[in-house]
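Colleague: Chains as they are written, first to last, in the numbering used here: chain C, 6 to 300; chain L, 78 to 291. Yeah, the Cβ is synthetic: ideal placement off N, Cα and C, and Gly gets one too. In this text the structure is predicted, and so the values were computed from the model without any measurement.
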Amino acid sequence: MKPNRWRFAAVLAVTALVLAACGSSGSSSKASSSKAPTFPAGSTMDAIQKRGKLIVGTKFDQPLFGLKSATSGKVEGFDVDIAREMAKGIFGDVSNIDSKIQLVETVSKNREAFIQNGTVDIVVATYTVNDTRKQVVDFAGPYFLAHEDIMVKKADNTIKSVTDLNGKKVCSAQGSTSIKNLMAKAPQADTSITFDTYSQCADAMGDGRVQAVVTDNAILAGLVQNSGGKYKLLNAPFSDEPYGIGLKKGDNAFRSFLNDQLDKIEKDGTWKKLFTSTVASGGVETPTPPAPNRY
Amino acid sequence: MNAVLSHLGDYAHGMETTVVLTLVSYLGAFAIGLAVASCRVSPVPPLRAIGTLYIDVVRNVPLLVQFFIFFFGLTKVGIRFSPFTTSIIVLSMYHGAFVGEVVRAGVNTVDKGQIDAARALGFTFPAVLLLLVLPQAVRSVVQPLGNVFIALIKNSSVAYTISVVELTGTADRLNSELARAIAVFTGAAIGYLVLALASAFVLRQMEKRLAMVR
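Following this line, the structure appears as structure tokens:
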């Protein structure tokens, strides 16, 4: 009885091996047709390609940039599109590219932590490049130049520019740079109300807890679009906010790869196409894309 | 660590808010707890039902959910409290349920014979409760009441989600400014340890003086 069982096991093992060999040869022929580029061993791009997934931190509640659809469950927007273009650079322009991207929700305050502890490979999440952040993470890009602006209720005619926010209650997200920039321009603004997400700020304005919400115009445009005509964007920009792709500090090869990839999509018209179909639909004009800053 | 040392003033301010939140909410929780425990041991069935319902609902819904219901939910029906007031109310209610259960356990330690004797002497039920049962009940549960206090110190951090900048909030704001998560949140952790250990010391002294020796 015993030898028989061993023989059966051996046959099973051989069959499995043969099947596995067939399987892998089948998939490798498919991969070669899509021209996946090769990278130096040990590089981040190589590690991601071997893993088969690019792990991207993005926002799930940011209309136009990264918004999770309540019906389909898919996350859509300009940031997700940019991440997809980065993934194409690693895996080639394959039809199943979306299965090679794993999206992880990040909010304003956990972006650095997620990059530092390796939860994500890159963060594409309306992430403003600034010097404080550059001390702990690196940035590719910028891929978009936003401006901080003000959102108020449609009927509100008392606030016309940033200086009118003195003495008013203003909301912004915890962990964002908006409050600091606002305090520089309107030192008497009351910024005691802050939440995790901008959607909560918009909600608080609807409840009358604050009179204005400040953050990047592109983010506000999404909130205005979702408010059903209750809110309006002032178009009174008071700062420059270059959005970059966050990555682990010191990974220069990966950063330069991401910059090359951004360069490519900005030159071949992909950038413009993606922007027009996402952010521009919220009322933001399509600008010329900013050139990546290779510091 | 310099990140923390150069912002000690911010931490002190955050700790002050945490301490005020904790002390005021504990007073509220204690009052609610005594009331709920009294209801639960009352001879009146509707009062017992109210006490049981309160504990079943408040103790079993996550604190964060209760914060959101009170802060974002109630405004939709026209009831609006400031973030700080909302925090005091929700923290008091939530920990009141726990205090209530602790006190009820204490009530059960009071000798039934004493209650019967008091009733035989003509004391009404409220008088028996206030003068005889509750003082003994509370003294026998000083230690678990202290546990609720220490839990409250830590749970007060949830107030930051509705923008009360207490100790955790201070650290979080510093982190967004300095992007030094480890140092900044370790600073907050030390702050909580100082508060909790100091309260534990005070509670031990209180226990020595108050606890019933049987």
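Taking the continuous beta strand (DSSP E) assigned at Glu-246(C), which residues delimit it?
Modeller: Translated into positions along the first sequence, residue 246(C) becomes position 241. Note, Glu-246(C): beta strand (DSSP E), 244-253.
Colleague: So that I know if they touch, is there some Cβ in chain C lying closer than 8 Å to that of Thr-296(L)?
Modeller: Outside the shown range of chain L (78 to 291) lies residue 296(L), about which nothing can therefore be said.
Colleague: As a quick exercise: from Gln-282(L), Thr-245(L), Leu-274(L), pick the residue whose alpha carbon is nearest that of His-90(L).
Modeller: Reading the second sequence from its first residue, position 13 is the one you call residue 90(L). Looking at the Cα atoms, Thr-245(L) is the closest of the given residues.
Colleague: Could you list the residues in the region 104-138 of chain C with a C-beta less than 8 Å from some C-beta on chain L, going in chain order?
Modeller: So the list reads Ser-113, Lys-114, Glu-117, Ala-118, Gln-121, Thr-137, Arg-138, given in the order they occur along the chain.
Colleague: Taking the straight line between their C-alpha atoms, what separation do you get for Val-175(C) and Asn-162(C)?
Modeller: Here residue 175(C) refers to the residue found at position 170 of the first sequence. Here residue 162(C) refers to the residue found at position 157 of the first sequence. Looking at the two C-alpha atoms, the distance is approximately 16 Å.
Colleague: Taking its Cβ as the centre, do 16 or more other Cβ atoms sit within 10 Å of Gly-62(C), making it buried, or is it exposed?
Modeller: Position 57 of the first sequence, counted from the start, is the residue given in the question as residue 62(C). A residue is called buried once 16 or more other Cβ atoms fall within 10 Å of its Cβ, and Gly-62(C) is buried on that count.
Colleague: Alpha carbons only, please: which of Arg-196(L), Phe-149(L), Val-176(L), Val-154(L) is nearest the one belonging to Thr-163(L)?
Modeller: The residue you call residue 163(L) lines up with position 86 of the second sequence. Here the closest residue by C-alpha is Phe-149(L).
Colleague: Looking at Phe-83(C): is its Cβ nearer than 8 Å to the Cβ of Phe-70(C)?
Modeller: As a first step, residue 83(C) is located in the first sequence; it is residue number 78 there, counting from the start. As a first step, residue 70(C) is located in the first sequence; it is residue number 65 there, counting from the start. In contact: Phe-83(C) and Phe-70(C) (Cβ atoms closer than 8 Å).
Colleague: Can you look up Asp-143(C) in the DSSP assignment and give me helix, strand or coil?
Modeller: For the purposes of this step, residue 143(C) is taken as residue 138 along the first sequence, with counting starting at 1. Correct three-state label for Asp-143(C): strand.
Colleague: Please name the residue or residues paired with Phe-200(L) in a DSSP beta bridge.
Modeller: By 1-based counting over the second sequence, the position of residue 200(L) is 123. Partner(s): none; Phe-200(L) has no beta bridge.
Colleague: Please name the residue, chosen from Gln-193(C), Met-188(C), Val-129(C), that lies closest to Phe-243(C) on a Cα-to-Cα basis.
Modeller: Counting from 1 along the first sequence, the entry for residue 243(C) is found at position 238. When only C-alpha atoms are compared, the closest one is Met-188(C).
Colleague: Using only CA atoms, which one of Thr-202(C), Leu-238(C), Gln-121(C), Ala-209(C) lies nearest to Ser-166(C)?
Modeller: Locating residue 166(C) in the first sequence gives position 161, where the first residue counts as 1. That would be Leu-238(C), whose Cα lies nearest to the Cα of Ser-166(C).
Colleague: Taking the alpha carbon of Arg-214(C) as the reference point, which residue from Ala-223(C), Asp-221(C), Phe-200(C), Asn-222(C) has its own alpha carbon closest?
Modeller: Position 209 of the first sequence holds residue 214(C). Minimum Cα distance to Arg-214(C) is reached at Phe-200(C).
Colleague: Does Ile-127(L) come out as helix, strand or coil in the three-state DSSP assignment?
Modeller: Here residue 127(L) is taken as the residue at index 50 of the second sequence, counted from 1. In this structure, Ile-127(L) counts as helix in the three-state DSSP scheme.
Colleague: So, with DSSP's three-state summary, where would you put Thr-163(C)?
Modeller: What you label residue 163(C) is simply residue 158 of the first sequence in a count that begins at 1. Judged by DSSP in its simplified three-state form, Thr-163(C) adopts coil rather than helix or strand.
Colleague: Just reading off the alpha helix (DSSP H) that Gln-193(C) is part of, what are its end residues?
Modeller: Counted from its first residue, the first sequence places residue 193(C) at position 188. It is not in any alpha helix (DSSP H) - Gln-193(C) carries neither H nor E in the DSSP assignment.
Colleague: Throw me the rounded Cβ distance for the Ala-174(L) and Val-135(L) pair, which I believe falls under 8 Å.
Modeller: Stepping through the second sequence from its first residue, residue 174(L) is reached at position 97. Stepping through the second sequence from its first residue, residue 135(L) is reached at position 58. Right, their Cβ atoms sit about 4 Å apart.
Colleague: Output, in chain order, the set of chain C residues within a Cβ distance shorter than 9 Å of Thr-263(L).
Modeller: Here the question's residue 263(L) lines up with position 186 in the second sequence. Chain C residues near Thr-263(L): none, gap ~14 Å exceeds 9 Å.
Colleague: Cα separation between Ser-34(C) and Lys-40(C)?
Modeller: Residue 34(C) sits at position 29 when you count from the first residue of the first sequence. Residue 40(C) sits at position 35 when you count from the first residue of the first sequence. Only weak support exists for where Ser-34(C) lies, its pLDDT of 41 falling under 50; the value from the coordinates is given anyway. So the alpha carbons of these two residues sit roughly 10 Å apart.
Colleague: Mind listing which residues of the region 192-219 of chain C have their C-beta closer than 7 Å to chain L's C-betas, in chain order?
Modeller: Ser-197, Ile-198, Thr-199, Phe-200, Asp-201, Asp-208, Asp-212
Colleague: With DSSP as the reference, label Phe-200(C) as helix, strand or coil.
Modeller: Taking the first residue of the first sequence as 1, we reach residue 200(C) at position 195. Reduced to three states, the DSSP call for Phe-200(C) is strand.
Colleague: Flag this pair as yes or no: are the beta carbons of Leu-5(C) and Tyr-203(C) separated by less than 8 Å?
Modeller: Residue 5(C) cannot be examined here, being either before or after the span of chain C that is shown, 6 to 300.
Colleague: Please work out which residues of its chain come closer than 6 Å, Cβ to Cβ, to Asp-51(C), disregarding the five sequence neighbours upstream and downstream, and give them in chain order.
Modeller: For this step, residue 51(C) is matched to residue 46 along the first sequence. Same-chain partners within the cutoff: Phe-44.
Colleague: Can you tell which of Gly-172(C), Gln-140(C), Ile-155(C), Ala-217(C) has the C-alpha that lies nearest to the C-alpha of Ala-258(L)?
Modeller: As a working note, residue 258(L) is residue 181 in the second sequence. Selected option, being the one with the closest Cα: Gln-140(C).
Colleague: State the DSSP-derived secondary structure class of Thr-220(C), mapped to helix, strand or coil.
Modeller: In the first sequence, the residue the question calls residue 220(C) occupies position 215. Note: Thr-220(C) maps to strand in three-state DSSP.
Colleague: Residues of the region 153-178 of chain C in Cβ contact with chain L at a cutoff of 7 Å, in chain order, please.
Modeller: Residues of the region 153-178 of chain C that bring their beta carbon within less than 7 Å of a beta carbon in chain L are absent altogether.
Colleague: Where does Ser-32(C) fall in DSSP's three states?
Modeller: Translated into positions along the first sequence, residue 32(C) becomes position 27. Unreliable positioning characterises Ser-32(C) in this predicted model, as indicated by a pLDDT of 43, which lies under 50. The coordinate reading is nonetheless provided below. It is helical.
Colleague: Would you say Ser-30(C) lies against chain L (beta-carbon separation less than 8 Å)?
Modeller: For the purposes of this step, residue 30(C) is identified with residue 25 of the first sequence, where counting begins at 1. Confidence at Ser-30(C) is low in this model, with a pLDDT of 46, below 50, so its placement is unreliable and no value can be given for it.
Colleague: Quick one: is Ser-104(C) buried, meaning 16 or more other Cβ sit within 10 Å of its Cβ, or exposed?
Modeller: The sequence position of residue 104(C) within the first sequence is 99, counting from 1. Residue burial is scored here from C-beta neighbours: Ser-104(C) has fewer than 16 other C-beta atoms within 10 angstroms and is therefore classed as exposed.
Colleague: Could you give the distance in angstroms between the alpha-carbon of Thr-247(L) and the alpha-carbon of Ala-226(C)?
Modeller: As a first step, residue 247(L) must be located in the second sequence, where it is residue number 170. As a first step, residue 226(C) must be located in the first sequence, where it is residue number 221. In this structure, the straight-line span from the alpha carbon of Thr-247(L) to that of Ala-226(C) is close to 30 Å.
Colleague: Would you mind reading off the limits of the alpha helix (DSSP H) that contains Gln-179(C)?
Modeller: Numbered from its first residue, the first sequence carries residue 179(C) at position 174. Note, Gln-179(C): premise wrong, no alpha helix (DSSP H); not H, not E.
Colleague: Is Val-187(L) near the ligand ZN - that is, is its Cβ less than 7 Å away from at least one heavy atom of it?
Modeller: The ligand ZN is not among the ligands present in this structure, which contains no ligands whatsoever.
Colleague: Taking only runs that begin and end inside the region 89-119 of chain C, name each unbroken beta strand (DSSP E) of 3 or more residues, in chain order.
Modeller: For the region 89-119 of chain C, the continuous beta strand (DSSP E) assignments of 3+ residues that do not extend past its boundaries occur at 106-110, in sequence order.
Colleague: At the level of alpha carbons, what is the spacing between Ala-36(C) and Leu-267(C)?
Modeller: Sequence index remark: in the first sequence, residue 36(C) carries index 31 (1-based). Sequence index remark: in the first sequence, residue 267(C) carries index 262 (1-based). Residue confidence for Ala-36(C) is low, a pLDDT of 42 falling below 50, so the modelled location carries little weight; the figure read from the coordinates is stated next. In a straight line, the C-alpha of Ala-36(C) is about 24 Å away from that of Leu-267(C).
Colleague: May I ask you to report which of helix, strand or coil DSSP gives Leu-88(L)?
Modeller: Reading the second sequence from its first residue, position 11 is the one you call residue 88(L). This sequence places Tyr at residue 88(L); Leu is not what is there. Helix.
Colleague: Please name the residue, chosen from Asn-224(L), Tyr-237(L), Ala-288(L), Val-180(L), that lies closest to Leu-206(L) on a Cα-to-Cα basis.
Modeller: Numbered from its first residue, the second sequence carries residue 206(L) at position 129. Out of Asn-224(L), Tyr-237(L), Ala-288(L), Val-180(L), Val-180(L) has the C-alpha closest to the C-alpha of Leu-206(L).
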